[in-house]
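Encoded as structure tokens, the structure appears first; notes follow it.
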Amino acid sequence: MKIRLSFYLIGILIITSCSKNIDQVNKNPNNPTIVEPDFLLTTSILETMNLYGGAMNRVVFFNYTHHFSGFQGEFQRYTVGINENNTYWKNTYLRCLQPVNQIEKKFKNNPNYKNRVLIARIWKDFIFSNTLSIWGSLPAKEALEGTSSVPFEKEEDVYYALLDDLKSLADSIDLNGDKYSGLADKIYNGDLLKWKKFATTLRLRLALRISNDVPNGNSTVAKKVVQEIFENPQFIINAQAETAAANWGSTSDTWNPLYDRVVYNYTANKATIPVTNESLIYHMLPYNDPRLSVYAQPAKQGPNMGNYFGQNISYGGGSAYSGGILNPHSGLKQDDYSYIGERFLKIDAEYVFLSYAEACFLKAEAALKGYISNAAASQYYYEGIDASFNRYGLTSVQAASYKNTPGIKWGTSSDSTGRGALFQDWLQICSSFIDEGDFNRQIVMQHWLAIPGQGVDAWALIRRTRVLEFQPQFATYEGTYAYVPNRLPYPTDEIKSNAGEAQKALEWLGGPDNLNTKLWFALPNKKNPYLPY
Amino acid sequence: MLLFMSPLCLIAQKTITGRIIDENAKPLHGASISIQGVKSGVTTDANGNYELKANDLNGILLVSFVGYVPQKIAIRNRSNIEIQLQSEPAELEQVVVTALGIKREVRALTYSQQGLDVAALNETKSTNLVNSLSGKIAGLQVIPPGFNTGSARVIIRGNSSLTGNNQPLFVVDGMPIDNEMGDGGSIDYGNGAADINSEDIESIQVLKGPSASALYGSRAANGVILITTKSGTSKFKVSANSSLMFQRLTEFPEYQNAYGVGTSFAIDNTHRIPWANVNYRSWGSPMLGQPYIALDGTEKPYLPQPNNVRDFYNSASLFTDAVAVEGGNSTTVYRLAYTNYSGSSVVRGFNDMNKHTLDLKLQTTFSKWFKLDSKISYIRDIVDNRQYSNSNGRNPTNLYTHMARTTDLAELLPYKHPLTGMEIGTHRNFSNPYWVINENPNKDTKDRVIASFNPEIRVTPWLKFNGRLGSDIYWWDGYEFNNIGSIVASNPNGFMRTFNTKQQNINIEGIFSINKKFNDFSLVANFGANTFQSNYERRDQRINSLLQPGLINLSNAKEYPTVSQTIRKRQINSVFGSLSLGYHNYAFVDVTGRNDWSSTLPKSNNSYFYPSIGGTVVLTDMLNMKSKFLSFAKVRVSTALVGNDTDPYRLDQTFSFNGFLNGATLASLNTTMNNPDLKPEKTLSYEYGADLKLFKNKISIDATFYSAATTNQIITAQLPASSGFQQRLYNAGKIKNWGYETSLSGKIINKKNFKWDSRFNFSKNNSLVVELIDDIDRFQLNNNSSYIYVYAEVGKPYGYLRGLGVARDAQGHMLIEDGGSLLIKDNDMAFGTASPDWLAGFNNTFTIGRFDVGFLIDIKKGGMIYSGSYSRMLTNGVIAETLYGRDDYYKHTVIFGENGTELSGGAVWDAYFTNGTKNTKFVTPQNYEYARPNFAEFVMFDASFVKLREITVGYNLSNKLLSNTPIKSARVSLAGRNLAILYRKTPLGIDPEAASTSGNGQGIENGALPPNVIYGVNIRLTF
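Residue numbers (the numbering used here), protein chains in the order written: chain A, 5 to 537; chain B, 29 to 1051.
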């Protein structure tokens, strides 16, 4: 009896422990091991919008592109925000690149997913092209594999690789093949031809980005690529409907980050609400640019109530160089400035990745540089202005009148008679004045004016052209002033965790790992002639 | 004989005679012998003989002699009884509960194991059982929780796992108890072991090293805290205990009371009468009573509010009422106990806890060979409004690092606008604490049943079978609600979440035990098998936006709720055995082995074997070397290999769904790269020790040296973000821990009316991270912003702190950049480890007649702490330290009107330029204090302390006083915890024990409560 009972109890033990195969217990009941590529593409698109149109836009790019003002903080004052920098880099690889990388990894051997894998790779290239313009040399080919050491590649080499890759990707798309569902493809609704055009136009953007002469780019390669593209110009984005853009959602987890900051959390952020930049105003107001009413709202209070009045990125600093000019920014609060236009603050606002207008200005530039001769630069230039006006819901009559304004009209000079200050910042050391025949400046200014909110693109444009005039940052922590930063330093987390490889990238920089070391594609900073250095 | 004697029972007086001898059959002279219930007794003569008169031969004889175990012997109609007394076991010969509930003689143990006095536990009440262990066990370190309802961390002999769990296993009556930490999010839900009711604890044994815990296998790699709950006795007894404790803060930071809200020496320069809410830091003008508009919108004089923080806190009350009934008969003994604890917080409205514990224990003897011990505990724990922790904007302790020196608490009320319902009385970064407390309620209720059924079958006199069927089951539901209308925090539309959690842990075990003696040898052997299964499920529901203010209901959703479900299953099957061979009761050899099969590891690696071997020799017995000085000496040595598995689902890479973007599904890959080839971790340990007893057992010394190395660790290592993952699971790395523990205890004075018992514990643990993964020299365990990082770093002790410091020149001077405004940064300055150099506890008990007094001094030497609170108080200019240079600067700029280069007063960095000249440039005190907290260096402190941890003063009422009452015994005691910090190096108001987490990354304080004391009175009665 006793023994029987003991064995009975042991029996229970054996039965309970063997009732399930022990390795079946560890099958994850919560998460799938594979998901539809549709889900991953949508995720990458949203995360990319959140990255370039979210905090990084507001904190870093607003004050670097002079479209808007990000208000004070480390990056805003042209120094490094270590945490934010780590986050931007991390989000680039983990949130934006990894989902599309997974599409490639999981489906590349399945011919039924051919186009979807190609589009995932185009999107990956797009993200890399932005990352490259922010930090410079980066891990690309061997990235995203979960290795503890990830090789960096030279900035220059990555550009060449991207230019090659985008060509082969665009060429490989089978216009009758598989595609993403319209619901998932928030950019092109599954349209394969548009993706082909996107890849081609992105290639054009990159070609022009590196079109400065050696050592600030490689005009030979740029020219070759542009000419190659123009062998089939029908594959360049050529209509408003081909603009690559997507809209945020209307729920708290997917809504526009700028809406969250400026509208939803207005009360909490009242003292640091981002507003319109002074530079944007002096580039638009003197030319009666009707887009200003889209980009900005009239000041709601304060000395400039009812007018368009932009914030100075130095928050009224720089008085030491004012020569007695009364500082109009002194003592102003955020509410005394022009708020950013409602279009950009909408809950489900759009974020533009690459626009029809930009495609036009890229062509105009290519034509001006003599890479192509299909049509005159002026034609593309005007087409770009029309495209931009159209994008913002303005009429062709308004566009026609604007195109006829002195300084805007191809080859003409601005008319600042009796109203010179309108063209200038408050210190009167920068100007939006265009000289007769300064076609390059006309194109670059229109390009810059067409892409507010696309901070990552506008910043690259500014650095590769250096023709627009912006005030330096006078409110630096060092107590000196600084010109528009050239890059972001490498994130400390990456340097620590990928030490061996990051070290190589640091050596390639040719300067210290800070905001001021110039990237390969960019032109050196221009000294402001009114300032001592 | 018995038959012959029985007629004599009728005769009035009987005589009992006999002899009392010792274990060697030598007669004992002077032993007392009496009959239970009869006052008079007799003593034995020189030959050990006695003669005793009795009314009948049915009573019980009480026999005692100094130095021998007293005996009770039923007379059972015998008139001649020879009694053999066993000499009183030295303390070491006590029997203790060891791994798997196996009872062993202490003298046979080959490893270190330490128990603690549980009686004191219930007087110097702590709100978390784990806290009560502090200072009482050599080698054990407790990191107390920030709040009464929070999670406490305990580690034994250092951290053996680089990134895994380092806390010991809690076992209650054979059932391993869930002790998951609850501080993963912004609310700390407390650790599982805090549910154990100290009123029901009979004994606590701490199995320190792998040798002691090897039989538990992978779950006990970090040691075991073995708890046995109280059983009743067959005598009916009612006991009641009531404890009324109070808690209050004992110290506050040293605030400045000269400058109020504002910036650059101005309150606000845009309004004619300046407004308080334009700025929020205390860098304004001198507080001279000038008019300004206070936070509530009224015009008030601008004056210091020296007690604004102090007045916010209240005294908390912690009440425990317990009643227990026990009794039974010869076959069944029961104990039924109910305890109610209700506690509040020093922040009124927070952490209101109400805990009910019902504990039933039954011991049933069905027959000579079959016994069943059953136990069931039901715990209902309800907590209202748990306090947000760390730098969360809803943590009032954190808010008070921001509150301006001019802010009067009265300005903050009302906290809600009567018409709009919005929060009022805020600055930037400073939420109204009353809004925070009242409009963001949370509540959770946990029902937990811990049951065990332990049958025992005695198959033969030397072979028995013990079964253990245990379960630990809980249901835990709760919500968190943030009302609409918050101004500073980031949810102006409010949010709500609810969760429903259930967990069932089942442990089934069967052990055959053999206990046999052959001539000079004794054999104890155990063989058994075990299965442990854990099923966990949690469902979360969340709404990110509310429709109707104040309605705490999930239907109050302005957008679709999001839901998630998490299931976790885990199983470990084991077989194990142990063999202990004793020779002459002075030499023992122990061998154990256990094989585990864990569900969490891949099939090919899921079976693993852990052996241990140990030996001990009682030298005094073996070599016959007992003397007046040396009463007992024993040496022991053991080695063990134990291991650790991992969490479920860490083999395959998975995706998760993340909601929808305009109707399209979002999904992302898990950011931890899992590893399909994981192997179990391995800890190989050695332990050497000696136990000595001196001066007739008056003084005992236990000393242990140990060393342990853990290899093959299951590590989550950070990956560079460019790898596409945040971290990856590896089997790599090696960490070593070695050190020594000594415990000295003595009955220093042992007079009838005056006793002094003393115990001193000392332990020193050294740790060294030997290797991580190729090419990687550190893992981040924790961080606070980018200012301070806690690392596991190769070549350093575990928990190494690094962060931003100021670069130094060869002479150790701080370096400053040209211009004299900016210090030169050292981005990776080493600040040392958060782990202590050594720990000590000094416990004393004095018994003077019916009075007793006890106190415990708890000492920690070394270990660094970064204070996030102090950092914020510097930036905000609220503490006295920030007065540096302010008056001077004010005089030179505001009064003398100096500016720029001519400035000749203010703050000066005590630093040198790289060319060796000393900096003399004056800067604004505000910029000076803005800069300092960015350097972790200025807020790093040595976390050493000496604390008066516990005091008890008790009085046992005499039986005379109670003779006319139903009360059998009564005790009244006054008790206190954390009464004083006798030594420390942290600034006032910063507790050197404060921690931002109960996890591995120690060394950071952030928004913790200032030091606080608990004191009160206990009344304990038995009926």
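For every residue, glycine included, the Cβ atom is placed at its ideal position computed from N, Cα and C.
Supposed close pair residue i, residue j - CB separation, criterion 8 Å
i: E18 of chain B; j: N740 of chain B; result: The structure shown does not extend to residue 18 of chain B, since chain B spans only 29 to 1051, so no value can be given for it.
i: I344 of chain A; j: T280 of chain A; result: 6 Å
i: E282 of chain A; j: G321 of chain A; result: Not quite, the Cβ-Cβ distance comes to about 12 Å (not below 8 Å), so this is no contact.
Beta bridge counterpart(s) of residue i as assigned by DSSP
i: I407 of chain B; result: B:T385, B:R476
i: Q112 of chain B; result: B:I49
Contacting residues, own chain, Cβ-Cβ under 6 Å from residue i (five flanking each side not counted)
i: T45 of chain B; result: E79, N108
i: G860 of chain B; result: M892
i: A964 of chain B; result: Y815, I816, G831, L832, Y894
i: I433 of chain A; result: N532, Y534
i: W463 of chain B; result: Y443, E451
i: R496 of chain B; result: G202, N482, E537
i: G355 of chain B; result: F264
i: H612 of chain B; result: D548
i: Y564 of chain B; result: Q531, R596
i: I455 of chain A; result: D461, A462
Closest by C-alpha distance to residue i, when choosing among the options
i: T1066 of chain B; options: B:T667, B:G642, B:N765; result: Outside the shown range of chain B, which is 29 to 1051, sits residue 1066 of chain B, and nothing can be said about it.
i: E246 of chain A; options: A:T204, A:S256, A:G320; result: A:T204
i: Y58 of chain A; options: A:C100, A:I26, A:E40; result: First, the amino acid is wrong: residue 58 of chain A is Gly here, not Tyr. Ranking A:C100, A:I26, A:E40 by Cα distance to G58 of chain A puts A:C100 first.
i: Y494 of chain A; options: A:A147, A:W139, A:G422, A:A403; result: A:W139
i: F616 of chain B; options: B:L346, B:T644, B:S626; result: B:T644
i: K707 of chain B; options: B:N690, B:A745, B:S626, B:K775; result: B:S626
i: G411 of chain A; options: A:G74, A:Y291, A:L148, A:Q28; result: A:Y291
i: N220 of chain A; options: A:T271, A:A464, A:I329; result: A:A464
i: M203 of chain B; options: B:V66, B:I253, B:E151; result: B:I253
i: D705 of chain B; options: B:I743, B:V670, B:E227; result: B:I743
i: N119 of chain A; options: A:D182, A:V29, A:A371; result: A:D182
i: Y819 of chain B; options: B:D856, B:A438, B:D409, B:K783; result: B:D856
i: S1026 of chain B; options: B:V337, B:D211, B:L161, B:V158; result: B:D211
i: D673 of chain B; options: B:N623, B:T667, B:M968; result: B:N623
Close Cβ partners of residue i (< 7 Å) along its chain, the five nearest in sequence each way excluded
i: A118 of chain B; result: Because the pLDDT of A118 of chain B is 48, which lies under 50, any placement of that residue in the model is unreliable, and the question is left without a value.
i: E78 of chain A; result: V84, G85
i: W199 of chain A; result: I123, I126, I177, Y192
i: S188 of chain B; result: N194, A249, N250, T711, A736, T738, I763, N765
Spatial neighbours of residue i in its chain, beta-carbon cut-off 8 Å, leaving aside the 5 residues before and after
i: T360 of chain B; result: L390, Q391, T392, T393
i: Y958 of chain B; result: T903
Problem - Meets three-Cβ-pair contact criterion under 8 Å: the stretch 785 to 793 of chain B and the stretch 153 to 167 of chain B - result: yes
Practice task
Would you check if there are 3 or more beta carbon pairs closer than 8 Å linking the stretch 442 to 459 of chain B to the stretch 375 to 392 of chain B?
Solution key: no
Practice task
Tell me, please, whether the stretch 323 to 338 of chain A touches the stretch 359 to 366 of chain A by the rule of three or more beta-carbon pairs shorter than 8 Å.
Solution key: no
Practice task
Could you tell me whether the stretch 125 to 135 of chain B touches the stretch 65 to 83 of chain B, using the rule of 3 or more Cβ pairs below 8 Å?
Solution key: no
Handout entry: Cβ pair count under 8 Å reaching 3, the stretch 147 to 162 of chain A against the stretch 499 to 515 of chain A
Key = yes
Problem - Stretch-stretch touch, CB-based, cutoff 8 Å, three pairs: the stretch 766 to 778 of chain B with the stretch 983 to 995 of chain B - result: no
Problem - At least three beta-carbon pairs within less than 8 Å, the stretch 134 to 154 of chain B to the stretch 979 to 991 of chain B - result: yes
Handout entry: Residues from the stretch 555 to 576 of chain B in contact with chain E, defined by Cβ distance under 8 Å
Key = The structure shown contains no chain E; its protein chains are A and B.
Practice task
Would you check if there are 3 or more beta carbon pairs closer than 8 Å linking the stretch 283 to 297 of chain B to the stretch 233 to 247 of chain B?
Solution key: no
Exercise for the section: Inspect the CB distances between the stretch 132 to 147 of chain A and the stretch 163 to 176 of chain A and report whether three or more fall short of 8 Å. Expected result: yes
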